[in-house]
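Residue 728 in the numbering used here sits at position 255 of the sequence shown, and the numbers go up by one each step. By construction, the Cβ of each residue, glycine as well, lies at the ideal position given by its N, Cα and C atoms. Report on the following structure.
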Amino acid sequence: MRYVSEGTLYMSEVHLYEQYQHERNLSNVETTLYAEILHQYAFDAQDSRKDLTSDTNSSPSDSTATAAPLYFPHEPCEHIPSLHSKMKQAQASIASPHYLICCYAAYPLTDKLNALLYMHKQMKSHKTTPLSFSDSGNLSPLIALHFAEKVQQNIWMICMEQITTTEPSYFPQAYPKADALSLLQFTPNVGDGAAWQVLYYGLEQWDHTTLCEIRNEPSTLFTHTSSFITDMLAKGNLEKQQVTIIPQTLSPVFTSDLTSLYPHVYTTSASINRGTADPLYHLATLPLPDLPTDSNILLLLFVDEHFGVGGMMLRRVND
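Have a look at this one:
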């Protein structure tokens, strides 16, 4: 089912953690048990997986996977204090949140009671209600945004990925999944550290028929994504020349298909897919002065071949 709606909120600048390395040793109980379960039951995936306790997996379908560092020095949730500090320093006027929402596609295997509750405590957000959105692949941020639109309160959203194993992809040369940690705020008030206005947002979660179609013919993912983009543009009465698309880093083929059809697609040299946080990482590096004058509206495009497609249409505040 496809859903596209007008937005009413404002979004802050995005704060990121970006220190990557090639491996991270974890020996907690959850990681060890997951490795044993995978070994015993995932017979079809055994040959494409490595020792999970060392977190050194790479996608067998991507010849460049081993060249890209995928992991943070520690569990991603342990790095939240640095992002919290960055947000407070950069935006002195930012309001205290009513909700702290954590979005993730990869379930964090940790020996902590709960990754979100750990971050909630580290941020000393004692009067803030913690919530998590998951089990929707890379689309969880759109579900969190929909929640924020309904409650009309200040919300801090964390997009976090802790990579333990590589999911099989339908795409040849799919970019490998990587750790991620981002922090931003949605607010109904333009003065509370607002940097972007949410013009429209939407998502489409695959039904069984569509999912089977994409699995049988991966190129149809782009067809469904393009149809979704068309509806997003129509909602704002916009032409594709007026919008700069910041897409999910899925594969070189997917990116090439986008750039061949849409005139303004912003990509970076990154060869990793940061899941729920991926378009946010690219947004943070976007050179705003270089944007075409007739294309100052952005479409953050979240895509997951297993779950669906979603997007946020943004415009810089005061533009």
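Distance from the CA atom of E712 to the CA atom of P736, rounded to whole angstroms, is 11 Å. Taking 4 residues as the minimum length, the alpha helix (DSSP H) runs contained wholly in the region 564 to 603 are 588 to 595, in order along the chain. Our two residues, S700 and A757, have alpha carbons roughly 26 Å apart in a direct line. Judged by DSSP secondary structure, M705 falls within the alpha helix (DSSP H) whose first and last residues are 693 to 708. When the Cα atoms are used, F775 and T741 turn out to be separated by approximately 16 Å. Y490 sits in coil when the DSSP states are folded into three classes, being neither helix nor strand. For Q658, the uninterrupted beta strand (DSSP E) segment begins and ends at 653 to 660. Under the three-pair Cβ rule at 8 Å, the region 650 to 669 counts as touching the region 550 to 563. Annotated three-state conformation of N689 is helix, per DSSP. Around the beta-carbon of G781, 16 or more other beta-carbon atoms lie within 10 Å, marking it buried. Under the three-state reduction of DSSP, G783 is assigned to strand. At the C-beta level, H755 and G610 stay beyond 8 Å of one another.
The beta-carbon separation of Y476 and L706, rounded to 16 Å, does not stay under the 8 Å limit for a contact. In this structure, L772 keeps its C-beta atom at 8 Å or more from the C-beta atom of V671.
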